[in-house]
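Reviewing the structure listed below.
There are 2 protein chains.
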Amino acid sequence: MAKSQALQTNMDVEYVLIYRFAKTDKATAIAKFEQLVQALASVGLATEVRNGEKHSLLLFVRVASEEHLFGEVYRSRVRDWVHGVRAAAPPKETREALENEPLYEAERLRIIYQLITNPVSEGGAGITPKEDGWKEVESIFALHDHEYNKDWIKKWSTSYFLTTEDLDDIRNRLGEKIAFYFAFTQSYFTFLVFPAVFGFSAWLLLGHFSAFYAIVNAVWCCVFTEYWKHQEVDLSVRWGVRGVSRIEVKRQEFAHEKEITDPVTGETVQMFPATKRLQRQLLQLPFALAAAAILGSLIATCFGIEVFISEVYDGPLKSLLVFLPTGILTIFMPILQGILTTFATRLTEFENYETHAAYEVALTQKIFVLNFITSYLPILLTAFVYVPFGTIIVPYLDVFSLAVKPFAENEKQLETPAAFAINPSRLRKQVIYFTVTAQIVNLGMEVIVPYLKRQGFSKYKKMQSERAAKNGGTAPDPSLNDTPEEAAFLSRVRNEAELGVYDVTTDLREMVLQFGYLSLFSVVWPLTAVSFIINDWMELRADAIKICIEMQRPIPFRADTIGPWLDSLSFLTWFGSITTSALVYLFSNDGLGPDGSPSSIKAWALLLSIFLSEHAFLVLRWGVRVAISKLDSPGRQKERRERFMVRKRYFEENLSEMSKLPKMAEAGGNIDRESLEEDARRSSLKTATPEDRFWLRQRGWKETTQVGKGYIEKAVVDDAASETKKEL
Amino acid sequence: MAKSQALQTNMDVEYVLIYRFAKTDKATAIAKFEQLVQALASVGLATEVRNGEKHSLLLFVRVASEEHLFGEVYRSRVRDWVHGVRAAAPPKETREALENEPLYEAERLRIIYQLITNPVSEGGAGITPKEDGWKEVESIFALHDHEYNKDWIKKWSTSYFLTTEDLDDIRNRLGEKIAFYFAFTQSYFTFLVFPAVFGFSAWLLLGHFSAFYAIVNAVWCCVFTEYWKHQEVDLSVRWGVRGVSRIEVKRQEFAHEKEITDPVTGETVQMFPATKRLQRQLLQLPFALAAAAILGSLIATCFGIEVFISEVYDGPLKSLLVFLPTGILTIFMPILQGILTTFATRLTEFENYETHAAYEVALTQKIFVLNFITSYLPILLTAFVYVPFGTIIVPYLDVFSLAVKPFAENEKQLETPAAFAINPSRLRKQVIYFTVTAQIVNLGMEVIVPYLKRQGFSKYKKMQSERAAKNGGTAPDPSLNDTPEEAAFLSRVRNEAELGVYDVTTDLREMVLQFGYLSLFSVVWPLTAVSFIINDWMELRADAIKICIEMQRPIPFRADTIGPWLDSLSFLTWFGSITTSALVYLFSNDGLGPDGSPSSIKAWALLLSIFLSEHAFLVLRWGVRVAISKLDSPGRQKERRERFMVRKRYFEENLSEMSKLPKMAEAGGNIDRESLEEDARRSSLKTATPEDRFWLRQRGWKETTQVGKGYIEKAVVDDAASETKKEL
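Sequence order for the protein chains is L and C.
With the working numbering, you'll find the first sequence wraps up at 754, consecutive numbering, no jumps.
With the working numbering, you'll find the second sequence wraps up at 754, consecutive numbering, no jumps.
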């Protein structure tokens with residue numbers, strides 16, 4: 027009963043702070059803790075403390091009074107309005123504002139999180155976990171809503187498609203940033219239906235390397251990318267976050283070099299010279315080249331070894347040696363990637379960006395470069411080096427492996443180069459590996475490995491405590507002090523404290539890279555989309571499970587886009603138009619590649635097809651963009667309606683002043699004034715300036731009409747007269 | 027004296043309407059005239075009528091009272107603010123608003139023009155010259171300010187560079203749209219200094235077709251285009267028109283197909299189905315193809331004839347026949363271009379756009395295509411058809427001119443194909459022709475021809491009236507009725523009525539096309555920029571003279587950009603990266619072109635250089651864009667300052683409400699409340715929900731600190747204890 031209740035209630039806790047004092051001496055730890063609790067109290071948060079595991083405290087936080095929270099919410103909404111995120115200002119009466127538009131859970135959690143972490147100058151408590159001053163605060167997390175999580179997973183696992191309401195639900199619970207990931211994946215999944223069906227038909231009817239498939243696929247990729255941009259706007263309006271990326275959030279890690287007076291606001295701002303940052307950014311170039319060189323040479327080496335062993339080498343231990351390159355890759359690739367990612371993060375930190383958004387863009391770009399190399403280079407090598415130049419290059423591989431010679435007969439070895447023929451199925455096999463095997467492995471790694479890890483970890487803990495009990499020692503089990511009523515709840519909190527932090531960009535990256543295979547290489551194996559659609563159905567559910575079970579509840583951040591990944595998507599679509607046309611030209615003759623000698627490939631024809639394909643793609647993209655920009659959508663309509671109402675109200679308010687002016691028509695007619703002004707006007711004709719005299723010659727519009735009438739009549743007479751004369 | 031006074035005063039006239047009744051019968055003409063004057067009076071405009079030339083009336087218009095004008099100005103400024111063109115709302119007191127920010131002349135004229143032409147539903151008089159209902163209203167124009175014009179031309183003709191103040195001056199007089207043209211041309215002129223100097227050095231040191239020159243030139247083109255975009259924003263902020271292109275002006279010619287209720291505003295709006303428009307827009311494709319085919323075949327034919335006659339043909343009359351193609355082009359090209367331009371206008375009208383902006387974009391695109399063909403195709407033909415394939419194609423030209431054979435000796439004629447060698451200087455000569463001769467001719471056409479025309483016209487009129495006088499007939503000279511005081515003024519008005527209407531887009535097009543030569547072909551002849559810088563210095567002055575003397579005073583429209591020409595500029599820069607690399611590859615071997623046989627050109631190398639150059643350009647452009655986006659400017663600062671002030675004010679206004687809430691710190695500390703709540707809390711521990719009991723265990727932050735302290739101390743003790751145990 028206690029357990030189910032523990033799952034039912036979160037004890038009204040908004041956030042839990044883990045305070046770990048293992049590495050701090052007692053006195054400092056106590057002082058720091060007091061400081062922490064005081065800081066939280068100063069921004070209107072109530073606190074409770076309980077024992078945590080291994081020299082840590084669990085500090086529970088909730089708002090002291092709802093009134094404060096409403097104040098904060100109102101302040102946040104006004105800020106949104108001032109930044110243009112909302113069309114209309116929230117009503118001035120706070121209570122009314124909240125009744126009109128109730129808080130959703132993610133908004134509530136976000137605002138409390140900001141209250142805890144925002145700098146003191148901006149009205150927050152300034153608590154930044156693990157950062158200077160708050161090194162003891164290990165993490166801040168909200169508690170899972172287990173009831174909701176259970177329903178969520180149950181619902182998703184029994185439905186094929188997610189509705190917009192499902193996405194709204196995620197947004198209300200987990201915030202817009204995560205909701206955007208799910209919306210993107212769902213949109214991508216829905217869009218995949220077409221290439222899956224079409225790809226399957228193409229696989230049956232057209233075979234591989236069909237130009238027709240390539241064109242349809244390029245159009246699809248382009249439409250999907252552009253449509254997602256359209257949908258993103260729609261969703262951001264629906265969720266009321268359009269433009270939040272414009273609200274700049276300062277990075278606390280930003281180190282300023284000097285302080286200047288902002289010419290705009292007159293405030294003192296911290297500054298870092300742009301030229302200095304540019305110099306640092308230029309380091310990206312050697313970094314990208316070095317990464318490409320390191321990863322590229324590892325991949326190329328393994329590739330070379332593999333080709334050599336499987337297709338040239340015929341010595342002893344072949345069956346074992348075949349696994350050598352895979353082994354090397356499996357061991358070294360993650361290590362290298364880890365090192366390079368760390369390096370990329372360091373480099374981005376060194377570039378010292380002022381805002382979170384700029385930092386994230388810079389980091390994402392670097393990560394994308396790394397992933398681009400590791401994901402696509404092996405296939406690119408096969409397609410554009412191995413197949414066309416295989417017969418030339420492969421014999422040279424022998425040079426690096428002279429050691430093998432003694433084992434082989436001399437004759438045979440010498441014959442090999444001539445006997446070598448490229449393996450035409452290698453490319454397809456590789457694409458299948460990356461689009462099926464690797465995806466499944468990935469999915470498994472995401473769900474099953476953490477599960478096993480968690481199981482193992484809890485077993486280990488149990489064993490440890492049992493051993494400790496056997497030894498008779500009082501193991502520092504924090505749960506001993508728990509009151510029975512809270513025990514189940516606290517044990518749940520302690521478990522959640524051990525979980526990892528969910529990073530949505532990792533999942534987004536995975537989807538974007540998957541899209542890349544479709545855009546770049548699916549012409550090799552049209553069933554690619556079929557594999558992806560199955561994988562993504564599971565991926566969406568697996569991610570939901572991951573968030574619910576294997577990770578701490580994520581902090582609900584706002585976003586109005588999937589961010590820099592959008593550029594990656596566009597880039598992959600563009601690059602796809604190049605690779606696909608090249609693949610089609612190189613391999614479409616028999617679906618198996620050219621005869622293996624580069625002479626049968628016309629370089630000019632290859633380049634021409636790339637050139638034409640790329641430009642056709644650019645024209646297509648322009649057309650799709652124009653067409654999609656014409657589409658209307660509920661979100662856009664909503665936005666326009668809101669802006670229209672605001673505009674109308676302002677206009678009416680401001681022009682009420684206008685009504686005090688005399689009406690145009692009254693003054694223009696001035697028929698009644700005539701008699702009054704008559705004499706004054708006639709007399710003034712003699713004395714006034716030429717301008718006055720000019721304008722006083724005709725009084726009012728009626729007289730102008732009269733005079734004009736006279737001119738017209740006279741003109742006609744003149745004409746008649748001249749005609750009469752001519753006749754004479 | 028009368029003459030100089032006529033030049034000095036405009037009699038306070040704001041606009042002159044020409045009412046021509048030559049084709050209307052007397053009664054209708056009078057009725058219509060009355061209607062016209064009444065309509066003007068109804069919007070608060072005072073009128074005076076005088077006799078015009080040839081069955082026309084001059085209807086003078088000015089505002090009846092300044093109060094009305096101020097009302098209209100205020101209304102216009104509020105509309106700007108509501109559309110986001112102004113950051114802050116104008117002060118509610120009209121008089122105050124105008125004192126803070128006085129009217130400039132162009133604003134005054136624009137507002138009165140809108141008052142005359144805006145539909146009645148929008149508060150205007152709804153008078154649309156030459157449109158249905160107002161066919162008799164031939165034109166509406168403002169009168170020149172001759173004093174100012176004289177000063178303007180004098181000042182410009184004695185200065186090398188125009189300052190921003192000079193441009194401000196134009197904006198104040200002629201409105202932002204024309205000011206943007208001058209600003210663009212001035213900016214282009216300033217930027218030309220670099221390629222002129224560099225081009226001259228390159229011409230001396232590097233010769234033609236230098237790859238180095240090509241790269242520098244591409245960078246320059248790219249920087250110029252991107253910098254202009256940056257500058258445009260700056261200028262539009264300076265002139266307070268940023269965002270005016272967002273204010274959509276309905277076209278009166280728009281024909282709706284059905285009326286629907288706008289889902290946003292609830293108003294009934296006129297609608298034209300987008301799909302139907304798309305179908306009509308698709309006609310652009312056959313139009314572009316047909317235009318390309320017609321103009322292209324004319325150009326190619328003349329080109330072929332010219333090449334044949336000058337380089338193959340050796341028969342009689344050669345010296346005369348050489349001029350044949352030029353003659354054909356001179357006669358047929360303007361005719362064809364005229365027909366196609368009319369057709370493009372018709373097509374654009376048929377596409378039935380709702381707003382002026384959309385109409386202008388659509389028309390500009392078509393005009394650009396036409397101009398692209400006529401301006402660049404001849405050079406493209408020479409560079410990419412004549413030179414590489416000349417030896418193959420030229421002999422075939424003979425086939426079309428068998429008629430020449432009888433005149434020539436048979437032997438000689440048969441030898442010719444073998445003897446033919448391409449003329450390597452043809453390309454350079456052609457580029458020089460287009461960048462020097464054609465520019466000078468153009469400038470002359472713009473200034474001198476209209477001058478001669480005007481002179482001839484006035485001579486003709488004089489002769490005619492003299493002849494009429496000789497015949498004793500009373501020629502319908504309208505000036506006979508003029509009072510002596512007004513005679514000079516009215517004669518000036520009658521002269522201005524005869525002048526043409528200035529169209530700024532023609533001048534803009536000229537500049538953009540000129541830029542195209544620089545971007546596309548200047549590698550052929552690096553002195554191009556030197557020619558342009560001289561030409562443009564004169565062009566700027568000639569345009570000023572043209573506006574002042576040869577054209578009616580233009581209506582001051584607003585704009586915040588040079589509009590669709592910006593896209594043309596970007597396109598030409600991009601296309602330049604393709605042509606330039608191709609030219610360098612084809613001709614850089616000896617500066618004279620390859621040996622004339624296509625076999626020496628490697629197609630793959632050509633395509634590869636194009637491919638690399640284009641992508642290098644795209645990367646460069648991206649870099650330049652990023653770099654320029656970092657630049658700050660006075661305009662941007664001004665805008666940010668204004669928005670900041672508005673934001674600050676709103677924020678303060680709205681958050682004053684917040685101060686009524688209890689302060690965070692007060693509630694958070696809740697030390698004073700402690701004793702009061704103590705008992706209530708203790709007692710509730712037994713009865714409340716688990717949540718309440720959880721949160722009431724520690725009272726206030728001080729108790730949390732105390733409890734936490736206890737845990738910390740205990741934990742340390744535990745550790746010490748276990749350590750002691752281990753030691754045992």
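For each residue, glycine too, the CB sits at the ideal point set by N, CA and C.
inquiry  = Would you say Trp7 of chain L lies against chain C (beta-carbon separation less than 8 angstroms)?
reply    = The structure shown has nothing for residue 7 of chain L, since chain L only spans 27 to 754.
key: Contact list for Ile37 of chain C against chain L, beta-carbon separation under 8 angstroms   = Residue 37 of chain C is actually Met in this sequence, not Ile. Going along chain L in sequence order, the residues near Met37 of chain C (Cβ under 8 angstroms) are Pro716, Glu717, Phe720, Trp721.
ask   = Which residues mark the beginning and the end of the beta strand (DSSP E) in which Thr73 of chain C is found?
value = From DSSP, the beta strand (DSSP E) with Thr73 of chain C extends over 71 to 77.
request  = Could you say which of L:Phe215, L:Ala523, L:Tyr174 lies nearest to Thr189 of chain L if we only look at CA atoms?
outcome  = A check of alpha carbon separations from Thr189 of chain L across L:Phe215, L:Ala523, L:Tyr174 identifies L:Phe215 as the nearest.
ask   = Going by C-alpha distance, which of C:Gly201, C:Ser82, C:Tyr174 is nearest Leu129 of chain C?
value = Ranking the options by Cα distance to Leu129 of chain C, first place goes to C:Gly201.
key: For Tyr339 of chain C, the three-state DSSP class (helix, strand or coil)   = Reduced to three states, the DSSP call for Tyr339 of chain C is coil.
task = Compare the Cα-Cα distances from Phe59 of chain C to each of L:Ala384, L:Leu141, L:Thr731, L:Val69 and report the closest residue.
result = Closest option to Phe59 of chain C, Cα to Cα, is L:Thr731.
ask   = Is there at least one Cβ from chain C nearer than 8 angstroms to Gln724 of chain L's Cβ?
value = It does: the Cβ of Gln724 of chain L has a partner Cβ on chain C nearer than 8 angstroms.
query = Taking the continuous beta strand (DSSP E) assigned at Lys284 of chain L, which residues delimit it?
reply = Secondary structure note for Lys284 of chain L: its beta strand (DSSP E) is the uninterrupted segment 284 to 287.
query = Can you find a CB in chain C that lies within less than 8 angstroms of the CB of Glu74 of chain L?
reply = Contacts with chain C at 8 angstroms (Cβ-Cβ) include Glu74 of chain L.
query = If the cut is a Cβ gap below 7 angstroms, which residues of chain C does Glu60 of chain L touch?
reply = What Glu60 of chain L touches in chain C: Thr731.
request  = Would you check if there are 3 or more beta carbon pairs closer than 8 angstroms linking the region 218 to 237 of chain L to the region 569 to 576 of chain L?
outcome  = Taking a contact to require three or more Cβ pairs closer than 8 angstroms, the region 218 to 237 of chain L and the region 569 to 576 of chain L do not qualify as touching.
task = Using the Cα positions of Thr587 of chain L and Glu739 of chain C, report the straight-line distance between them to the nearest angstrom.
result = One C-alpha to the other measures close to 48 angstroms.
task = Determine the DSSP secondary structure at Met577 of chain L, reduced to helix, strand or coil.
result = Here Met577 of chain L sits in strand by DSSP.
message = Checking the sheet assignment: what are the DSSP bridge partners for Arg46 of chain L?
response = DSSP lists L:Ser82 as the beta-bridge partner residues of Arg46 of chain L.
task = Go through the region 174 to 211 of chain C residue by residue and report every complete run of the alpha helix (DSSP H) that reaches 4 residues or more, in order.
result = Counting whole runs of 4 or more residues, the region 174 to 211 of chain C contains the alpha helix (DSSP H) stretches 190 to 200.
task = With distances taken Cα to Cα, identify the nearest neighbour of Gln140 of chain L among L:Pro117, L:Thr184, L:Gly70, L:Ser82.
result = Residue L:Gly70 is the option with its Cα nearest to Gln140 of chain L.
request  = Enumerate in chain order the residues of its own chain whose CB-to-CB distance from Leu440 of chain L is below 8 angstroms, with the five nearest sequence positions on each side excluded.
outcome  = With a pLDDT of only 42 at Leu440 of chain L, under 50, the local geometry of the prediction cannot be trusted, and the value read off the model is given with reservation. Answer for Leu440 of chain L: no residue qualifies.
ask   = So, does the CB of Pro624 of chain C fall closer than 8 angstroms to a CB anywhere in chain L?
value = For Pro624 of chain C, the predicted model reports a pLDDT of 49, less than 50, meaning its position is unreliable and no value from the coordinates is stated.
ask   = Would the C-beta of Leu506 of chain L count as close to the ligand MG, meaning under 7 angstroms from any of its heavy atoms?
value = This structure lacks the ligand MG; in fact it carries no ligand of any kind.
message = Suppose the cutoff is 7 angstroms on Cβ atoms and the five residues either side in sequence are ignored; what does the same chain contact list for Val263 of chain L look like?
response = Within the same chain, Val263 of chain L has close Cβ partners Gly661, Arg662, Lys664, Glu665.
query = Within 8 angstroms (strictly less), CB to CB, does Phe47 of chain C reach chain L?
reply = Interface criterion met: the Cβ of Phe47 of chain C is under 8 angstroms from a Cβ in chain L.
ask   = Considering only residues of the same chain and omitting the five flanking positions on each side of Ile320 of chain L, which have a CB-CB separation below 7 angstroms?
value = Here the set comprises Leu362.
task = Give the DSSP-derived three-state secondary structure of Tyr100 of chain C in the structure shown.
result = Three-state DSSP puts Tyr100 of chain C in a helix.
Cross-strand partners of Gly526 of chain L (DSSP beta bridge) = In the DSSP assignment, the residues bridged to Gly526 of chain L are L:Met577.
query = Trp630 of chain L versus chain C: which residues are under 7 angstroms apart at the beta carbon?
reply = Simply Ala629, Trp630, Leu633.
message = If I measure Cβ to Cβ from Leu261 of chain L and keep anything under 6 angstroms in the same chain, skipping five residues before and after, which residues do I get?
response = These residues qualify, in order along the chain: Ala209.
message = Suppose you measure from the CA of Glu125 of chain C to the CA of Arg723 of chain L; what does that come to, to the nearest Å?
response = It is roughly 32 angstroms from the alpha-carbon of Glu125 of chain C to the alpha-carbon of Arg723 of chain L.
key: Neighbourhood of Leu632 of chain L by C-beta distance below 8 angstroms, restricted to the same chain and skipping five residues each side   = Short of 8 angstroms from the beta carbon of Leu632 of chain L, and not among the five residues preceding or following it, lie these beta carbons of its own chain, in chain order: Ala608, Tyr611, Leu612.
Same chain, Cβ closer than 6 angstroms to Thr605 of chain L, five either side skipped, listed in chain order = Leu546.
message = Would Lys735 of chain L pass as an interface residue toward chain C - the criterion being a Cβ-Cβ separation below 8 angstroms?
response = Taking Cβ atoms only, chain C reaches closer than 8 angstroms to Lys735 of chain L, which makes this a yes.
query = What did DSSP end up calling Arg88 of chain C once you bin it into helix, strand or coil?
reply = Three-state result, Arg88 of chain C: strand.
message = Please report whether the beta-carbon of Ile738 of chain C lies at a distance below 8 angstroms from any beta-carbon of chain L.
response = Output row for Ile738 of chain C: interface = yes.
message = Using the three-state DSSP reduction, which class does Tyr412 of chain C fall into: helix, strand or coil?
response = Tyr412 of chain C: helix per DSSP, three-state reduction.
query = From C:Val75, C:Gln307, C:Tyr477, pick the residue whose C-alpha is nearest to that of Ala568 of chain C; which is it?
reply = The shortest Cα separation from Ala568 of chain C among C:Val75, C:Gln307, C:Tyr477 belongs to C:Tyr477.
request  = Could you please tell me which residues of the region 652 to 676 of chain C, in chain order, have their CB closer than 7 angstroms to any CB of chain L?
outcome  = For the region 652 to 676 of chain C, which is checked against every Cβ of chain L, the residues closer than 7 angstroms are Lys656, Gln663, Arg666, Arg667, Phe670, Arg673, Tyr676.
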